[in-house]
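Report on one structure; see the data block that follows.
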Amino acid sequence: MVPQPILHLTLLSLIISLTTLSLVDAADPTFGFTPLGLSSSSNLQIQKPYDVAVNERYSFSNGVHRFWVYSTDKPHMQGSNTKPRTEIRIAGYDYTSGVWQFQGFFYVPSGTSGVCIQQVFGGVTSATTSQTRVYGGSLTHYQSPTLEPNIYNRWIRFNVIHDVGANNVKIFLNGEDNPRYNGPGRGASTHYFKFGVYAQDGASNYMESRWRDIQIFKK
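Under mature numbering (1 follows the signal peptide of the UniProt record, and there is no 0), the residues of the sequence shown are numbered -26 to -1, 1 to 193, in order.
In structure tokens, the structure reads:
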């Protein structure tokens, strides 16, 4: 028979371990969400300058999506007045209600600036509800606030949660408990997620981002 003090200590250790594990799981931005399947053929639609081939602005190797574009490139559609981009548009999961989440790991090489690397498309007051951009090595929500400085040349986990009914956007980095951005969206519309490189004002001549382990979640 196990002595009572030892049994009590063993049970206490087990309770502490389970509680700690539960707290760690609950703190993750994806806790309580259901992952949705992604197919490269049906859910990942590449948008790139209309006059170049896909492999001139995009590659996929060893699980990494690499996007690049030049500030002098054409838009993604002939006749469009939008700026140059090479992006993936998540198709098949357009939404008008509910709570949705995008997760991925991104890498931005030195020199890339004036570019949007991820967006929640759709809004009432503008074309997007959220844009995550890079300016001079800092990650920003639109032009401000700054989410993280000195992001060049390192992999960063990125989660954005969009609650349509609450008109709320939260952005988390590296699985942290507290969001780097927690604020209003730009109105209900038909929404979807995009990631890659999309030139903004003050864009560098060459822009690049890399993404891996993309997932979509719904609550």
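We put the CB at the ideal spot given by N, CA and C, even for glycine.
Quickly, what does DSSP pair residue i with across the bridge? List them, please.
i: Q105; result: Q93
i: V171; result: T60
i: R186; result: V38, F79
i: Q19; result: R63
i: T120; result: T114
i: D137; result: V73, N142
i: V43; result: M181
Ordered along the chain, which non-local residues of its own chain (more than five positions away) have a Cβ less than 7 Å from that of residue i?
i: Y116; result: Q105, R107
i: R184; result: V38, H39, R40, F80, Y81
i: G157; result: V143
i: N148; result: I130, R131
i: T103; result: V94, G96, G97, H136, V143, G159, R160, H165
Residues in the same chain with beta-carbon distance under 6 Å from residue i, minus the five sequence neighbours each way, listed in chain order, please.
i: T(-8); result: Residue confidence for T(-8) is low, a pLDDT of 42 falling below 50, so the modelled location carries little weight and cannot support an answer.
i: S45; result: A173, A177, N179
i: D47; result: P23, P58
i: G110; result: S87
i: Q77; result: N133, Q189
Roughly how many whole angstroms lie between the Cα atoms of residue i and residue j?
i: V98; j: V138; result: 12 Å
i: Y155; j: S118; result: 10 Å
i: Y69; j: H165; result: 5 Å
i: N29; j: N141; result: 37 Å
i: Y32; j: A101; result: 24 Å
i: I188; j: V89; result: 20 Å
i: I62; j: L18; result: 6 Å
i: Y126; j: M181; result: 12 Å
i: L(-6); j: N152; result: Note on L(-6): pLDDT 40, under 50, position unreliable in the model; the coordinate value appears next. Distance between the alpha carbons of L(-6) and N152: 18 Å.
i: L113; j: G11; result: 28 Å
i: P9; j: I91; result: 22 Å
i: T120; j: I145; result: 12 Å
i: F5; j: Q75; result: 11 Å
i: A27; j: Q21; result: 11 Å
With a 10 Å radius around its C-beta and 16 neighbouring C-beta atoms as the bar for buried, classify residue i as buried or exposed.
i: D175; result: exposed
i: F7; result: buried
i: E150; result: exposed
i: L(-4); result: With a pLDDT of only 40 at L(-4), under 50, the local geometry of the prediction cannot be trusted, and no value is derived from it.
i: K192; result: exposed
i: V60; result: Reading off the sequence, residue 60 comes out as Thr, not Val. Buried is the call here.
Is DSSP giving residue i helix, strand or coil here?
i: E30; result: helix
Within a Cβ cutoff of 8 Å, which residues of the same chain sit near residue i, ignoring the five residues on either side of it in sequence?
i: V171; result: F41, W42, V43, R59, T60, E61, T86, V89, C90, I91, M181, E182, S183
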